[in-house]
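Numbering (UniProt numbering), first residue to last: 1 to 988. Here the structure is laid out as structure tokens; the discussion comes afterwards.
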Amino acid sequence: MISTLEYILDPSKLSCDLVYISPEDACEVMLLFLQSAQTYRDMNDPMSLITIRDRLLPKKSVSLRLLALKVAAFFKWNILSENFRERIPNYLQRILVLDLLELVRGEVSNPNEHVSIPLETLPPETVLAVSLYHRWILNNTTQQDVIPKPRNTALITGPATGSNVVNLGAFTQMMDLTQKQLSQKVDESFTVLEKLLKCQTASMPSVDAFVPPDPSGRDFIFYFDKSEMIHLAEYRIQLYYDLGSYCIFKKKQQEAAGYFRSAANIYSQVDSSTFTFCKVQQMKLEGYLAACEVVTESSRRRNVSLAERLHESIKNNFEDTLEILREDNKVRQIPIFMRDLLEYDMVGAASNGTLFDAGALIANVRLLNVVRRVIDGMPMLENLKSLVIDGISDGARVLLKHFEDASVTFQQPEKLRVRSFLHRICSGSGVTSKALQRALMDSKLNIMYTSEEITEITGGRFSPSDPPVQAEYLDVATEPGKAEALQRLISSYDLLVIRELISTIGRLGQGKQVWAFSMRWEIPIPFQSTIMGLPKGFLQDFAYICLAKSRELTNQEEYIQAQSFISAIDEEVRQLLVQQNLSAPSTGFPTASKLLLMLQWESYLIDCIRALKEWPRRKEEERQLIKNCKFCLSTLNAEFSNIQNVLPRSEVIEHLTALLLACGEWDFLIPLTNASRFLAASLEYPATLAAVSLEMTKNRERPNRIIANALWELVSAAFAKAPLLSGQKRNNTGAVATDSASFKMNHLSNFCLHLCEPVTLSVMISCLCQLYNIVRDEVGNEILVEYPGFWPPNVPNPFGYYSIAVFELLYSLVDRALKLHPRNHTWLKIMGDLDFTQDRYNMAMRWYIEACISSSDCFSVPVPKTVMDEALLRRMIKACQKMQKSTEAAILCQFLEPPDYAVAFKCLQEKTSCDGMDSLYPCIWDMAILEFLTAQHTRRGEPKKEDTVAQAGLLELNSNNNEEIQKEAICQRKSRFLRALAREYIVL
Numbered sequence: 001m002i003s004t005l006e007y008i009l010d011p012s013k014l015s016c017d018l019v020y021i022s023p024e025d026a027c028e029v030m031l032l033f034l035q036s037a038q039t040y041r042d043m044n045d046p047m048s049l050i051t052i053r054d055r056l057l058p059k060k061s062v063s064l065r066l067l068a069l070k071v072a073a074f075f076k077w078n079i080l081s082e083n084f085r086e087r088i089p090n091y092l093q094r095i096l097v098l099d100l101l102e103l104v105r106g107e108v109s110n111p112n113e114h115v116s117i118p119l120e121t122l123p124p125e126t127v128l129a130v131s132l133y134h135r136w137i138l139n140n141t142t143q144q145d146v147i148p149k150p151r152n153t154a155l156i157t158g159p160a161t162g163s164n165v166v167n168l169g170a171f172t173q174m175m176d177l178t179q180k181q182l183s184q185k186v187d188e189s190f191t192v193l194e195k196l197l198k199c200q201t202a203s204m205p206s207v208d209a210f211v212p213p214d215p216s217g218r219d220f221i222f223y224f225d226k227s228e229m230i231h232l233a234e235y236r237i238q239l240y241y242d243l244g245s246y247c248i249f250k251k252k253q254q255e256a257a258g259y260f261r262s263a264a265n266i267y268s269q270v271d272s273s274t275f276t277f278c279k280v281q282q283m284k285l286e287g288y289l290a291a292c293e294v295v296t297e298s299s300r301r302r303n304v305s306l307a308e309r310l311h312e313s314i315k316n317n318f319e320d321t322l323e324i325l326r327e328d329n330k331v332r333q334i335p336i337f338m339r340d341l342l343e344y345d346m347v348g349a350a351s352n353g354t355l356f357d358a359g360a361l362i363a364n365v366r367l368l369n370v371v372r373r374v375i376d377g378m379p380m381l382e383n384l385k386s387l388v389i390d391g392i393s394d395g396a397r398v399l400l401k402h403f404e405d406a407s408v409t410f411q412q413p414e415k416l417r418v419r420s421f422l423h424r425i426c427s428g429s430g431v432t433s434k435a436l437q438r439a440l441m442d443s444k445l446n447i448m449y450t451s452e453e454i455t456e457i458t459g460g461r462f463s464p465s466d467p468p469v470q471a472e473y474l475d476v477a478t479e480p481g482k483a484e485a486l487q488r489l490i491s492s493y494d495l496l497v498i499r500e501l502i503s504t505i506g507r508l509g510q511g512k513q514v515w516a517f518s519m520r521w522e523i524p525i526p527f528q529s530t531i532m533g534l535p536k537g538f539l540q541d542f543a544y545i546c547l548a549k550s551r552e553l554t555n556q557e558e559y560i561q562a563q564s565f566i567s568a569i570d571e572e573v574r575q576l577l578v579q580q581n582l583s584a585p586s587t588g589f590p591t592a593s594k595l596l597l598m599l600q601w602e603s604y605l606i607d608c609i610r611a612l613k614e615w616p617r618r619k620e621e622e623r624q625l626i627k628n629c630k631f632c633l634s635t636l637n638a639e640f641s642n643i644q645n646v647l648p649r650s651e652v653i654e655h656l657t658a659l660l661l662a663c664g665e666w667d668f669l670i671p672l673t674n675a676s677r678f679l680a681a682s683l684e685y686p687a688t689l690a691a692v693s694l695e696m697t698k699n700r701e702r703p704n705r706i707i708a709n710a711l712w713e714l715v716s717a718a719f720a721k722a723p724l725l726s727g728q729k730r731n732n733t734g735a736v737a738t739d740s741a742s743f744k745m746n747h748l749s750n751f752c753l754h755l756c757e758p759v760t761l762s763v764m765i766s767c768l769c770q771l772y773n774i775v776r777d778e779v780g781n782e783i784l785v786e787y788p789g790f791w792p793p794n795v796p797n798p799f800g801y802y803s804i805a806v807f808e809l810l811y812s813l814v815d816r817a818l819k820l821h822p823r824n825h826t827w828l829k830i831m832g833d834l835d836f837t838q839d840r841y842n843m844a845m846r847w848y849i850e851a852c853i854s855s856s857d858c859f860s861v862p863v864p865k866t867v868m869d870e871a872l873l874r875r876m877i878k879a880c881q882k883m884q885k886s887t888e889a890a891i892l893c894q895f896l897e898p899p900d901y902a903v904a905f906k907c908l909q910e911k912t913s914c915d916g917m918d919s920l921y922p923c924i925w926d927m928a929i930l931e932f933l934t935a936q937h938t939r940r941g942e943p944k945k946e947d948t949v950a951q952a953g954l955l956e957l958n959s960n961n962n963e964e965i966q967k968e969a970i971c972q973r974k975s976r977f978l979r980a981l982a983r984e985y986i987v988l
């Protein structure tokens with residue numbers, strides 16, 4: 001606890017102690033001095049009084065107030081800082097600045113006379129005292145909405161009584177009265193500060209300038225010569241800044257721009273590191289200049305961050321975006337998530353028609369993002385083939401050029417990452433690899449490799465110095481020559497090289513098949529059994545390895561090269577058949593014929609995978625795919641004696657049926673339910689969904705619920721928890737092992753994530769939404785169901801289902817549906833409901849706003865009431881309340897019919913809000929809400945009431961207007977508000 005008495009007796013001790021305390025603690029000391037000064041009010045003892053400007057005051061009170069001024073002087077009179085405002089009550093701040101006026105010069109002790117006196121002739125120390133008082137008034141006025149409550153109200157000393165305790169109500173009234181008095185003087189203070197700009201000198205009283213009264217005497221001493229002169233430039237910068245800040249507060253942007261421009265011009269001519277009095281920060285000053293749309297030479301010269309430049313580029317329709325990203329690849333300042341969002345912004349701008357000829361620009365941005373990800377060692381999310389080959393002309397050379405530009409700042413880790421990346425993607429025989437191989441030969445980046453490595457890369461082989469093959473891929477320890485050949489075989493995708501290596505390894509294998517040397521080569525079991533039926537030797541190894549590599553390429557989305565491997569196997573097998581027909585036709589013929597048919601099914605599978613991945617397809621391609629799929633699936637009826645034992649495996653059936661569903665070939669799929677009992681699991685979902693979708697399109701108003709029940713039973717059974725049977729044990733966590741349930745859920749998930757057609761997606765989403773509402777069992781918090789009357793209203797045991805699994809599949813399915821059909825407002829609302837149920841309110845608002853955008857053509861027409869219904873508005877209001885965005889919630893209450901005034905008034909009474917607050921008042925059209933706001937601001941003494949009064953007085957909101965004028969005014973404000981929400985929640 002600080003004793004004020006020891007400082008009164010020895011004022012020099014204060015200067016020594018202030019050296020060791022922080023500005024925050026100094027505010028506490030100042031508060032103690034000012035509070036204690038209010039307690040000494042005994043005027044009866046003449047020995048305890050002192051004369052100050054012809055006034056008798058208690059000597060102890062004067063000493064304590066002088067000590068408070070000494071603290072302010074020690075910290076260079078920085079008494080308008082945030083620490084000062086937060087820790088010292090408003091009325092004590094006023095006492096402090098008035099004390100300085102009274103103690104420095106008596107002729108300026110009355111602030112009401114400052115407007116009329118010649119301020120230009122004031123002494124330097126008086127200039128500071130006068131300017132500090134009026135700067136405090138302006139600063140206090142602009143900060144009045146955020147005046148903090150005292151941290152410990154019970155310890156605040158009342159100025160009007162001698163007690164040490166004052167109740168909160170009295171203290172609040174006192175602060176409100178002080179604030180009201182100050183608001184009436186603010187215009188005069190503004191005028192005084194403008195006059196003070198003409199002063200040529202100013203000085204700050206130092207700590208030693210104030211000498212408290214001697215215990216034996218009745219006067220105090222103020223040393224005018226112990227003041228520190230203030231540089232005229234920083235003095236004027238501070239005043240210009242304060243005047244501009246007040247103009248911004250009063251929404252006078254043009255006047256504010258003039259003051260800030262003057263401050264910036266002076267700021268650019270002086271060294272800010274020498275400032276002692278001025279507390280203006282260059283970043284804040286230029287921020288105000290930007291808000292006033294003023295660009296100065298200093299802001300042009302300043303090294304603006306790349307993130308700021310990127311934001312500015314987006315505002316200017318992506319001007320200089322590529323140059324910014326190239327520079328960022330060198331310094332790596334912009335977070336990768338901002339660069340990813342940039343891609344979405346450009347795609348959105350291109351789709352909206354605001355960005356023309358966007359193809360090459362977007363492809364370049366994606367390539368630059370690939371470079372950044374490689375440099376940082378992050379996973380690459382892009383399909384490199386779609387960028388290098390399909391996205392841009394000569395994409396391989398462009399990609400390597402971006403790497404070259406960034407390589408000037410590479411350290412050793414970055415060099416290794418780029419080297420490994422280029423080595424990996426160039427060491428292949430696909431279209432992408434070949435294009436990059438050619439480009440690498442002409443690139444400066446080839447200096448990272450030796451000539452031997454360049455030769456190996458262009459031949460499709462990894463270099464021995466950086467082998468990609470890990471030990472677990474080799475089944476046995478092999479000789480050095482064979483190990484090198486196996487590494488080359490595993491990494492190569494060149495058919496000629498593979499043929500040569502299989503022959504070479506086969507000769508060294510001493511009877512062991514080549515395909516058995518690596519565990520990396522895996523093929524489906526039906527293929528294994530069929531290929532094992534071929535004669536041992538080259539054909540068996542070649543077919544096995546090529547099929548395994550074809551599947552690898554399919555997973556890497558290299559579909560054309562994957563098909564080439566299937567064609568190579570087909571060609572080898574047909575050559576075998578020709579030889580057997582010439583010599584011994586009976587040997588191996590059935591196996592070879594069966595393999596040819598299975599290869600045909602595999603080719604159809606690759607085509608379907610590609611079509612579903614790149615959906616939608618061109619009509620001519622779609623017709624050929626449908627024909628192939630129908631031919632393959634027709635074998636399930638097995639009327640062909642030659643192929644009745646060669647059934648397509650389940651993976652082939654799942655993709656082929658998914659493609660037929662996407663193409664709307666539902667009539668063909670429905671009879672397949674009873675086609676094969678061995679493949680019932682692969683056919684029941686597509687056949688049943690096809691029947692429901694066909695019924696939905698034919699009888700949308702009154703569909704047959706019996707057909708829908710079949711799909712409902714299949715879907716609900718997939719998520720049902722398995723009962724605990726007799727003899728079945730639980731695991732360590734207490735859960736029952738449910739392999740069957742897990743298989744069903746995985747099978748349903750794979751099926752759903754291959755859907756593309758809107759009707760099938762709607763039916764499946766609707767079914768999962770209904771099931772999720774039932775198993776979640778939260779009345780009043782259900783998600784939207786598109787066809788609520790189509791599904792059963794309940795299930796026997798809602799707790800007997802995996803609700804989390806239902807949610808995850810539903811979320812993934814809606815996400816896929818929106819990627820294929822992004823303007824479906826029903827699915828957008830469902831996505832918002834799903835995020836809302838998980839308390840992700842910000843994301844929920846984003847989806848709700850996107851639903852409104854898609855249904856109103858970016859708010860060019862009113863949002864249909866079928867989209868923005870009461871349920872949606874209630875959720876938006878609740879989401880805003882949860883995020884403490886009270887003003888937005890109150891405005892949304894107007895959208896309801898009738899408006900919910902109870903919720904709106906409750907929201908507007910909140911003292912803190914994380915939204916635009918009064919900047920959103922022009923979006924209010926309801927007179928009851930405007931009157932409530934006006935009364936509330938008037939009661940609080942806030943100047944915001946001027947905005948509400950002005951808004952309520954607009955002619956277009958007059959209740960006597962005809963209905964068309966009122967409706968037009970409401971539509972304009974709705975559109976303005978929804979656009980503001982779109983800017984807030986959606987990256988545009």
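For glycine and all other residues, C-beta sits at the position ideal for the given N, C-alpha and C.
Check: Leaving aside the five residues before and after PRO148 along the sequence, list all residues of the same chain whose C-beta is less than 6 Å from its C-beta, in chain order.; Outcome: Any reading at PRO148 must be qualified, since the residue scores a pLDDT of 40, below 50, and its modelled position is unreliable; the value itself is stated next. Here the set comprises GLU86.
Check: Rounded to a whole number of angstroms, what is the C-alpha to C-alpha distance between VAL370 and MET378?; Outcome: 9 Å
Check: Would you mind sorting PHE337 into buried or exposed? The rule is 16 or more other CB atoms within 10 Å of its CB.; Outcome: exposed
Check: Once you ignore the five residues that flank PRO798 on each side, which residues in its own chain have a CB closer than 7 Å to its CB?; Outcome: ILE774, VAL775, ASP777
Check: With MET204 as the anchor, note down where its beta strand (DSSP E) starts and where it stops.; Outcome: 203-205
Check: Going by C-alpha distance, which of LYS819, ARG875, SER855, THR826 is nearest ASP839?; Outcome: ARG875
Check: Shortest alpha-carbon distance to MET745 belongs to which of LEU341, SER913, GLU808, PHE542?; Outcome: GLU808
Check: Quick check: the Cα distance between MET696 and HIS825, rounded to an integer number of angstroms?; Outcome: 19 Å
Check: Report the three-state DSSP secondary structure of SER227 (helix, strand or coil).; Outcome: strand
Check: With respect to the alpha helix (DSSP H) encompassing SER22, which residues constitute its N-terminal and C-terminal limits?; Outcome: Unbroken run through SER22: none, as it is neither H nor E.
Check: Exposed or buried, LEU955, counting other C-beta atoms within 10 Å across all chains shown (16 or more means buried)?; Outcome: exposed
Check: Please classify ILE804: is it buried, with 16 or more other beta-carbons within 10 angstroms of its beta-carbon, or exposed?; Outcome: exposed
Check: May I ask which residues mark the beginning and end of the alpha helix (DSSP H) holding PHE277?; Outcome: That residue, PHE277, is in no alpha helix (DSSP H); it is neither H nor E in DSSP.
Check: Whole angstroms are fine: how far does the CA of GLN528 sit from the CA of LEU489?; Outcome: 20 Å
Check: PHE210 by DSSP, collapsed to three states: which one?; Outcome: strand
Check: Taking only runs of the alpha helix (DSSP H) that begin and end inside the region 762-850, which ones reach a length of at least 4 residues, in chain order?; Outcome: 803-820, 825-837
Check: State the Cα-Cα distance for the pair LYS974 and ALA690, rounded to the nearest angstrom.; Outcome: 42 Å
Check: Tell me, to the nearest whole angstrom, how far the beta carbon of ASN329 is from that of ARG372; I am working on the premise that it is less than 8 Å.; Outcome: 5 Å
Check: At the level of alpha carbons, what is the spacing between ARG461 and SER503?; Outcome: Caution is warranted here: a pLDDT of 39 is assigned to ARG461, below 50, making its placement in the model unreliable, and the coordinate value is therefore given only provisionally. Cα to Cα, the separation comes out at about 17 Å.
Check: What's the call for GLU618, buried or exposed, on a 16-neighbour Cβ count within 10 Å?; Outcome: Sequence check: residue 618 is Arg here, not Glu. Result: exposed.
Check: Alpha carbon to alpha carbon, how far is GLN579 from PRO758? Give it in angstroms, no decimals.; Outcome: 51 Å
Check: Would you report the Cα separation of LYS284 and ILE324, rounded to the nearest angstrom?; Outcome: 24 Å
Check: Looking only at its chain, what residues have a beta carbon closer than 7 Å to the beta carbon of GLU620, apart from the 5 residues adjacent to it on each side?; Outcome: none
Check: Under 8 Å, do LYS122 and LEU193 count as touching if we go by C-beta distance?; Outcome: In the sequence as presented, Lys is not what sits at residue 122; that position holds Leu. Not a contact, by the Cβ cut-off of 8 Å.
Check: Could you give the distance in angstroms between the alpha-carbon of ALA349 and the alpha-carbon of PHE318?; Outcome: 10 Å
Check: Do SER693 and VAL763 have their C-beta atoms closer together than 8 Å?; Outcome: yes
Check: Could you say which of LEU32, ALA851, TYR91 lies nearest to residue 989 if we only look at CA atoms?; Outcome: No information on residue 989 is available, as it lies outside the stretch 1 to 988 that the chain covers here.
Check: Report the residue from PRO616, PHE190, SER407, ILE569 whose alpha carbon sits nearest the alpha carbon of LYS250.; Outcome: PHE190
Check: Return the CA-CA distance between ALA611 and SER567, expressed in angstroms with no decimal places.; Outcome: 19 Å
Check: Buried or exposed for LEU496, please, with buried defined as at least 16 other CB atoms from any protein chain shown within 10 angstroms of its CB.; Outcome: exposed
Check: Scan the region 642-724 and note each continuous alpha helix (DSSP H) run of 4 residues or more that stays entirely inside, going in chain order.; Outcome: 650-662, 666-669, 680-698, 705-718
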